[in-house]
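Undergrad:
Numbering (full-length UniProt numbering), first residue to last: 1 to 351.
1) Could you check what DSSP says for residue 328 in three-state terms: helix, strand or coil?
2) Residue 402 lies in the beta strand (DSSP E); which residues open and close that run?
3) Using 10 angstroms around the beta-carbon of residue 194, count the other beta-carbons present and answer buried if the total reaches 16, otherwise exposed.
4) For residue 6, which of helix, strand or coil comes out of DSSP?
5) Checking 8 Å against the spacing of the C-beta atoms, do residue 59 and residue 246 come in under that value?
6) Where does residue 334 sit, in a helix, a strand or coil, going by DSSP?
7) Give every residue of the same chain whose Cβ lies closer than 6 Å to the Cβ of residue 109, excluding the five residues on either side of it in the sequence, and list them in chain order.
8) Looking at the structure shown, is residue 51 part of a helix, part of a strand, or coil, going by DSSP?
9) Once the 5 residues before and after residue 401 are set aside, which same chain residues still bring their CB inside 8 Å of it?
10) Sort out for me which residues DSSP pairs residue 69 with in a bridge.
11) Starting from the Cα of residue 253, find the closest Cα among 32, 138, 205, 288 and give me that residue.
12) Pull up the distance between the alpha-carbon of residue 356 and that of residue 333, whole angstroms please.
13) What are the boundary residues of the alpha helix (DSSP H) that residue 92 is part of?
14) Under 6 Å Cβ to Cβ from residue 215, same chain only, skipping five residues before and after it: list those, please.
15) Can you tell me where the alpha helix (DSSP H) with residue 173 in it begins and where it stops?
16) Locate the alpha helix (DSSP H) running through residue 232, then write down its first and last residues.
17) Compare the Cα-Cα distances from residue 336 to each of 325, 308, 303, 321 and report the closest residue.
18) Starting from residue 278, trace the alpha helix (DSSP H) both ways and give me its first and last residue.
19) Taking DSSP as the reference, what is the three-state secondary structure of residue 179?
20) I'd like to know if the region 197-212 and the region 72-90 are in contact, where contact means that at least 3 CB-CB pairs between them fall below 8 Å.
21) Under a three-way DSSP split, which group does residue 128 fall into?
22) Pick out whichever of 104, 280, 283 has its Cα sitting closest to the Cα of residue 161.
23) Which word fits residue 151, buried or exposed, when buried means at least 16 other C-beta atoms lie within 10 angstroms of its C-beta?
24) Using CA atoms only, rank isn't needed, just tell me which of 264, 269, 98, 77 is closest to residue 170.
25) Taking its Cβ as the centre, do 16 or more other Cβ atoms sit within 10 Å of residue 123, making it buried, or is it exposed?
26) For residue 207, which option in 218, 219, 187 has the closest C-alpha, if you only look at C-alpha atoms?
27) How far does the alpha helix (DSSP H) with residue 163 in it extend, from its first residue to its last?
28) Does DSSP classify residue 40 as helix, strand or coil?
29) Check for me: the alpha helix (DSSP H) holding residue 354 runs from which residue to which?
30) I need the DSSP call for residue 75, collapsed to helix, strand or coil.
31) Kindly indicate the opening and closing residues of the alpha helix (DSSP H) around residue 153.
32) Nearest to residue 102 by CA position, among 262, 36, 176, is which residue?
33) Decide if the region 32-44 is in contact with the region 139-153; the criterion is three or more beta carbon pairs, one per stretch, under 8 Å apart.
34) CB-CB under 7 Å to residue 284, same chain, minus the five flanking residues each way: which ones, in chain order?
35) Out of curiosity, what's the CA-to-CA distance linking residue 239 and residue 148?
Here it is, written out as structure tokens:
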């Protein structure tokens, strides 16, 4: 009886050592006085109002703790940079630049992130990469204070080369430009939370394990962990980003301004979703209507949508990163009929 009782006792979850969790490396940054001017800057604070998945966050009805903001994502990317830099034994100056690059790599993201970007590029003339550079160089008022701090504390040209994925591997450039890089590791594991709610502790540890497998030579057999990640990436693209619901959300974000005759200004891309919700009310009503399956937009009903279909797969005959393959193909799909019920949400364009 005693033995049976012991066998029935649940095994407690094994707690990872603090340094084997992402939270440890993130706290190290957040508690460091050096980074406070950056974290408190208007430019970085704005990212708290930019949803990570953009329109998809509203269309899938995600909760804040699932996919979060671009600020939260950036802090975690910086934490991964902190971890890898420390494990590789980089000098303090290089480590500092890699952490700052992680914090600022998404600094130019507009409201709704990637979702509205095709329209923004067409009508404003540039996307989030150039917007980020304008902020970092102090060419927009949002980044003036941040630029002054960067000018005093960093080599701005090198910092931008890291963010633009142009830095050499010997300088830590591979953290941002490798097939399984720190930005991708954080972003894919974050997005996958829409499908599978992993505990915060397990997610924190898993991100570190993927980064170790991708960047640290002392990991003897990294392929099982990296193979799992690559399969996860395919699921995120196939089941989320290019799903019917995802395509509808992105298409609505891109065509709304054209069909509603709303003028998007250059200044709009440097604001947050809080401002957009006030100014473009029916856009967000439409996005939330997708989640509630109560969407009625005649100019989108049955429309043919072009997109890039991606297939992430393993070439198991290969070792090294060449085993991680991706094919891209232009594809089209027909959107559903959104105008079948008078009880459904109506945008101003069809009133």
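Each residue gets a CB set at the ideal place from its N, CA and C atoms; glycine is no exception.
TA: Concretely, from the data shown:
1) Strand.
2) In the structure as shown, the chain starts at 1 and stops at 351, and residue 402 therefore has no counterpart that could be examined.
3) So residue 194 counts as buried.
4) Residue confidence for residue 6 is low, a pLDDT of 35 falling below 50, so the modelled location carries little weight; the figure read from the coordinates is stated next. Look at residue 6 here: in three-state DSSP terms it is helix.
5) With contacts defined by Cβ atoms closer than 8 Å, residue 59 and residue 246 form a contacting pair.
6) Correct three-state label for residue 334: strand.
7) If the five residues before and after residue 109 are omitted, its C-beta is found closer than 6 Å to the C-beta atoms of 50, 70, 128, all from its own chain and listed in chain order.
8) In the structure shown, residue 51 adopts extended strand secondary structure according to DSSP, grouped into three states.
9) In the structure as shown, the chain begins at 1 and stops at 351. Residue 401 is therefore absent and cannot be evaluated.
10) Residue pairing for residue 69: DSSP places it in a beta bridge opposite 51.
11) Comparing Cα positions, the closest option is 288.
12) Only positions 1 to 351 of the chain appear in the structure, and residue 356 is not among them; the question remains open.
13) First-last of the alpha helix (DSSP H) with residue 92: 92-104.
14) Listed in chain order, the non-local C-beta contacts of residue 215 below 6 Å within the same chain comprise 84, local neighbours out to five positions each way being set aside.
15) Premise fails: residue 173 is in no alpha helix (DSSP H) and is neither H nor E.
16) Counting along the chain, the unbroken alpha helix (DSSP H) around residue 232 starts and ends at 223-236.
17) Relative to the Cα of residue 336, the nearest Cα in the group 325, 308, 303, 321 belongs to 303.
18) Per DSSP, residue 278 belongs to the alpha helix (DSSP H) from 273-279.
19) Collapsing the DSSP output to three states places residue 179 in coil.
20) Enough Cβ pairs lie closer than 8 Å, so yes.
21) Reduced to three states, the DSSP call for residue 128 is helix.
22) Answer by Cα proximity: 104.
23) Residue 151 is exposed by the Cβ-count criterion.
24) Ranked by Cα distance from residue 170, the first of 264, 269, 98, 77 is 98.
25) With a 10 Å radius around the Cβ and a threshold of 16 neighbouring Cβ atoms, residue 123 comes out exposed.
26) Residue 207 has its Cα closest to that of 187, out of 218, 219, 187.
27) In the DSSP assignment, residue 163 falls within the alpha helix (DSSP H) that extends over 156-163.
28) Secondary structure of residue 40 (DSSP, three-state): coil.
29) Residue 354 lies beyond the range of the chain shown here (1 to 351); nothing can be said about it.
30) Helix.
31) DSSP places residue 153 inside the alpha helix (DSSP H), whose first and last residues are 144-153.
32) Residue 176 is the option with its Cα nearest to residue 102.
33) Touching, yes.
34) Closer than 7 Å at the Cβ level, and outside the excluded window around residue 284, lie 58, 277.
35) Take the alpha-carbon of residue 239 and the one of residue 148: they are about 43 Å apart.
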